[in-house]
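Visitor:
Numbering (my numbering), first residue to last: 1055 to 1678.
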């Protein structure tokens, strides 16, 4: 079929697109088959691909989509199939074309490369190249239109759309809309649709959202775009049973789906199909509702999108932690954590004594060393209540999905915790719960910093307003190493994304402090140097090998011949001498220290050790 014939049909009737392909394919192939797109070239499964196409053809669809949603080089690379882009996409078109014959339009399905709204894993050039490689094969194979679907980032979809429009084929663009009609980067879907219209796409719309959300967004789109609109909702959400996701069972049955289709028709949809969880039965409902019905004439409204800032901030009283960093020259922060309730009680008691020593900050780690501690938010809340000392929480990306990460951070803000040190976190293998799973929704501290920055801009990751912005003061970690080049590059990215202060890992020599200062001074943020006594020789391999803490060979050698009793005294004396010299030296300016109490003593002795370190740093005692 020609471009002209598709556009003519699109203007004269409601076209029915097929439904979920991945859901249907996953039902019929073994669970160990990871890459669905590769089924196109697997002799054991390619007939199943065609069977699914035929089932949709039987119920009367006008458009079928190729099984190539993830068939770009960057996604195929995950399965070791990046060299088979051409083979997989060509086969996808052929299998669809053989079923469609001349009666049905074949849409070349192209999905996003960047699946995370924070990813930025690939350069513009890499993304463009991957899309171009895939699209060229699809076009050569004989598709009738290019279907860009399930995108969520306006930057990525613009790249894909610009490329798709270089081919002499209709281009249909679908956004995986977020709640409240936002894209993942905060752009309003109506603004996006108008941009697509200006570029010259054939149709624009939304997929991969539940029917009720699609209906609400369609109400907005229908009033402002002149283009044909496509909608392909999910069949609701997968059902849960005994904690397991039933990927084959969804909440919106075909009959209910058909009721929503009535709404889509009335609102002016021109192409209607299905996404995740939909079946030929769902698509049959679409066919029954739309048979013989002309597209609804949409009533247009004139919308003027004002030049408003992407985000806004309310006037706040100064963040107390930011105020400390802005106004003080020799900041002292002390780490507080407890594994048991007995330790917690003792920690709270000694925190009051530490507060009397006029420390500036407490900070609470987030299960450092992959151990189980009493939670950082609750601990910080109690410390602030009992001592009035502003408290920073360490927060990691290791153990929470996007939902819980955002929820816990909002909880922290609601409880008055206003400082966050954003970290990746130690791997579970480091601790005693090595079977615990890593949750990789956020890939490291850079993305976590960006997420917190969004909360400060009054929005969740999906653009939903939280009512008023947070005002977190955001910190980043810095790893001391023998060579600092890579560490500095990583820290630079953190600062670029919103980090406002830095905590280093423990440091043990003035030379390492000087190296760190010279390497980071251009970033313009204050740096607090980690101070942690080594109290047993046995701890050195763990700190160095498991936690990645850089301990110079000269320090290791000093502990090598000592027993535990002698090493404890020596370690405390050594760290006191070090911080005294640190406080008195004039080689480089020092913004402050971050004191980590010794781990192998009770809280009374931790407090004594910390007080000694603080006094030494302030030069209030003479250390031999």
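We treat Cβ as the ideally placed atom computed from N, Cα and C, and that holds for glycine. If you're wondering where the values come from, they're calculated on a predicted model, not measured in any experiment.
As a quick exercise: from 1629, 1331, 1373, pick the residue whose alpha carbon is nearest that of residue 1307.
Guide: Your numbering for residue 1307 matches position 253 in the chain shown. Here the closest residue by C-alpha is 1331.
Visitor: Since residue 1247 sits in a beta bridge, which residues does DSSP pair it with?
Guide: Sequence index remark: in the chain shown, residue 1247 carries index 193 (1-based). Residue 1247 is not bridged to any residue.
Visitor: Per DSSP, what kind of secondary structure is residue 1576 in: helix, strand or coil?
Guide: Sequence index remark: in the chain shown, residue 1576 carries index 522 (1-based). Helix, per DSSP.
Visitor: So residue 1529 and residue 1562 are supposed to be a Cβ contact under 8 angstroms. How far apart are they, rounded?
Guide: Numbered from its first residue, the chain shown carries residue 1529 at position 475. Numbered from its first residue, the chain shown carries residue 1562 at position 508. Actually they do not touch by this definition, with Cβ atoms about 22 angstroms apart.
Visitor: Apart from the five residues on each side of it in sequence, which residues of its chain come closer than 8 angstroms, Cβ to Cβ, to residue 1465?
Guide: Your numbering for residue 1465 matches position 411 in the chain shown. Cβ neighbours of residue 1465 beyond the five flanking positions: 1431.
Visitor: In terms of residues, what are the limits of the beta strand (DSSP E) holding residue 1529?
Guide: Within the chain shown, residue 1529 is the residue found at index 475, counting from 1. Looking at the DSSP string, the run of the beta strand (DSSP E) that includes residue 1529 is 1527-1532.
Visitor: What span of residues does the beta strand (DSSP E) with residue 1336 cover, start to end?
Guide: If you number the chain shown from 1, residue 1336 lands on position 282. Segment 1334-1344 is the alpha helix (DSSP H) holding residue 1336; no beta strand (DSSP E) there.
Visitor: Name the two residues that bound the continuous beta strand (DSSP E) containing residue 1260.
Guide: Against the chain shown, residue 1260 aligns to sequence position 206. Counting along the chain, the beta strand (DSSP E) containing residue 1260 begins and ends at 1257-1261.
Visitor: Could you tell me which whole beta strand (DSSP E) segments of length 3 or greater appear in the segment 1364-1420?
Guide: 1385-1389, 1415-1418
Visitor: Between which two residues does the beta strand (DSSP E) carrying residue 1521 extend?
Guide: In the chain shown, counting from the first residue as 1, residue 1521 sits at position 467. Residue 1521 -> no beta strand (DSSP E), and no H or E assigned at all.
Visitor: How many Å lie between residue 1662 and residue 1425 at the Cα?
Guide: Position 608 of the chain shown, counted from the first residue, corresponds to residue 1662. Position 371 of the chain shown, counted from the first residue, corresponds to residue 1425. Computed Cα separation, rounded: 24 angstroms.
Visitor: If we call anything under 8 angstroms between Cβ atoms a contact, is residue 1414 one with residue 1378?
Guide: On the chain shown, residue 1414 is found 360 positions in, with the first residue counted as 1. On the chain shown, residue 1378 is found 324 positions in, with the first residue counted as 1. Cβ atoms of residue 1414 and residue 1378: closer than 8 angstroms.
Visitor: Secondary structure at residue 1426, three-state DSSP: helix, strand or coil?
Guide: Here residue 1426 refers to the residue found at position 372 of the chain shown. Three-state result, residue 1426: coil.
Visitor: On a CA-only basis, which of 1208, 1476, 1567, 1471 is nearest residue 1525? Give me that one, please.
Guide: To locate residue 1525, count along the chain shown from 1; it is residue 471. The option with the nearest alpha carbon to residue 1525 is 1471.
Visitor: My understanding is that residue 1184 touches residue 1111, with C-beta atoms under 8 angstroms, so please give their C-beta distance in whole angstroms.
Guide: Taking the chain shown and counting its residues from 1, the one referred to as residue 1184 is at position 130. Taking the chain shown and counting its residues from 1, the one referred to as residue 1111 is at position 57. The Cβ separation is near 30 angstroms, so there is no contact.
Visitor: Taking Cβ positions, are residue 1626 and residue 1587 nearer each other than 8 angstroms?
Guide: Start at 1 with the first residue of the chain shown, and residue 1626 comes out as number 572. Start at 1 with the first residue of the chain shown, and residue 1587 comes out as number 533. Against a cut-off of 8 angstroms, the Cβ pair of residue 1587 and residue 1626 comes out as a contact.
Visitor: Taking buried to mean at least 16 other C-beta atoms within 10 Å of its own C-beta, is residue 1195 buried or exposed?
Guide: Position 141 of the chain shown, counted from the start, is the residue given in the question as residue 1195. Looking at its Cβ environment, which holds 16 or more other Cβ atoms inside 10 Å, residue 1195 is buried.
Visitor: Under a Cβ-count criterion, where at least 16 other Cβ atoms within 10 Å of its own Cβ denotes burial, should residue 1367 be classed as buried or exposed?
Guide: Taking the chain shown and counting its residues from 1, the one referred to as residue 1367 is at position 313. Bear in mind that the predicted position of residue 1367 carries a pLDDT of just 35, short of 50, making it unreliable; the figure below should be weighed with that in mind. Answer is exposed; the Cβ neighbour count stays below 16.
Visitor: Quick check: the Cα distance between residue 1167 and residue 1474, rounded to an integer number of angstroms?
Guide: For the purposes of this step, residue 1167 is taken as residue 113 along the chain shown, with counting starting at 1. For the purposes of this step, residue 1474 is taken as residue 420 along the chain shown, with counting starting at 1. Rounded to whole angstroms, residue 1167 to residue 1474 spans 31 angstroms at the Cα level.
Visitor: Assuming contact is defined by CB atoms lying nearer than 8 angstroms, are residue 1322 and residue 1349 in contact in what I supplied?
Guide: What you label residue 1322 is simply residue 268 of the chain shown in a count that begins at 1. What you label residue 1349 is simply residue 295 of the chain shown in a count that begins at 1. Yes, they are a contact pair.
Visitor: Buried or exposed: which applies to residue 1084, given that a residue is buried once 16 or more other Cβ atoms fall within 10 Å of its Cβ?
Guide: Locating residue 1084 in the chain shown gives position 30, counting from the first residue. Exposed, by the Cβ-count rule.
Visitor: In its own chain, which residues sit with a C-beta less than 6 angstroms from the C-beta of residue 1597, not counting the 5 before and 5 after it?
Guide: Numbered from its first residue, the chain shown carries residue 1597 at position 543. Hits under 6 angstroms: 1603.
Visitor: Quick one: Cα of residue 1423 to Cα of residue 1479, how far?
Guide: Start at 1 with the first residue of the chain shown, and residue 1423 comes out as number 369. Start at 1 with the first residue of the chain shown, and residue 1479 comes out as number 425. Rounded to the nearest whole angstrom, the C-alpha separation of residue 1423 and residue 1479 is 8 angstroms.
Visitor: Quick check: what's the CA-CA separation for residue 1492 versus residue 1506?
Guide: Taking the chain shown and counting its residues from 1, the one referred to as residue 1492 is at position 438. Taking the chain shown and counting its residues from 1, the one referred to as residue 1506 is at position 452. Their Cα atoms are separated by approximately 20 angstroms.
Visitor: What is the rounded straight-line gap between the Cα of residue 1198 and the Cα of residue 1314?
Guide: For the purposes of this step, residue 1198 is identified with residue 144 of the chain shown, where counting begins at 1. For the purposes of this step, residue 1314 is identified with residue 260 of the chain shown, where counting begins at 1. Approximately 28 angstroms between the Cα atoms of the pair.
Visitor: Could you pull the DSSP bridge partners for residue 1069 from this structure?
Guide: Against the chain shown, residue 1069 aligns to sequence position 15. In DSSP, residue 1069 forms a bridge with 1325.
Visitor: Taking DSSP as the reference, what is the three-state secondary structure of residue 1287?
Guide: Within the chain shown, residue 1287 is the residue found at index 233, counting from 1. DSSP places residue 1287 in coil when its eight states are reduced to three.
Visitor: For residue 1417, count neighbouring Cβ atoms within 10 angstroms of its own Cβ and tell me buried if that reaches 16, exposed if not.
Guide: In the chain shown, the residue the question calls residue 1417 occupies position 363. Flag for residue 1417 reads buried.
Visitor: Let me check one thing: in DSSP terms, what residues is residue 1201 bridge-paired to?
Guide: Within the chain shown, the letter at position 147 stands for residue 1201. Looking at the DSSP assignment, residue 1201 forms a beta bridge with 1163, 1226.
Visitor: What residues in its chain sit with their C-beta under 7 angstroms from that of residue 1072, if we drop five residues either side in the sequence?
Guide: Here residue 1072 refers to the residue found at position 18 when the chain shown is read from its first residue. Result list for residue 1072: 1110, 1115, 1117, 1118, 1119, 1327, 1337, in chain order.
Visitor: With DSSP run on the structure shown, which of helix, strand or coil describes residue 1090?
Guide: In the chain shown, residue 1090 corresponds to position 36, counting from 1. Residue 1090: coil per DSSP, three-state reduction.
Visitor: Three or more C-beta pairs closer than 8 angstroms, one from the segment 1516-1524 and one from the segment 1538-1547: is that the case here?
Guide: Remark: fewer than three beta-carbon pairs, one from each stretch, lie closer than 8 angstroms, so the segment 1516-1524 and the segment 1538-1547 are not flagged as touching.
Visitor: Note down, in chain order, each residue of its chain lying with its Cβ closer than 8 angstroms to the Cβ of residue 1342, except the 5 sequence neighbours on either side.
Guide: One-based indexing of the chain shown puts residue 1342 at position 288. These residues qualify, in order along the chain: 1312.
Visitor: Which two residues bound the contiguous alpha helix (DSSP H) that contains residue 1671?
Guide: Within the chain shown, the letter at position 617 stands for residue 1671. Here the alpha helix (DSSP H) through residue 1671 covers 1657-1672.
Visitor: Which runs of the beta strand (DSSP E) fall wholly inside the segment 1445-1492 and span at least 3 residues, in chain order?
Guide: 1445-1450, 1473-1477
Visitor: Got a sec? Which residues, its chain only, sit under 6 angstroms from residue 1495 by beta carbon, not counting five neighbours each side?
Guide: For the purposes of this step, residue 1495 is taken as the residue at position 441 of the chain shown. Here residue 1495 has 1455, 1456 as same chain residues with Cβ atoms under 6 angstroms from its own Cβ, once five neighbours each way along the sequence are excluded.
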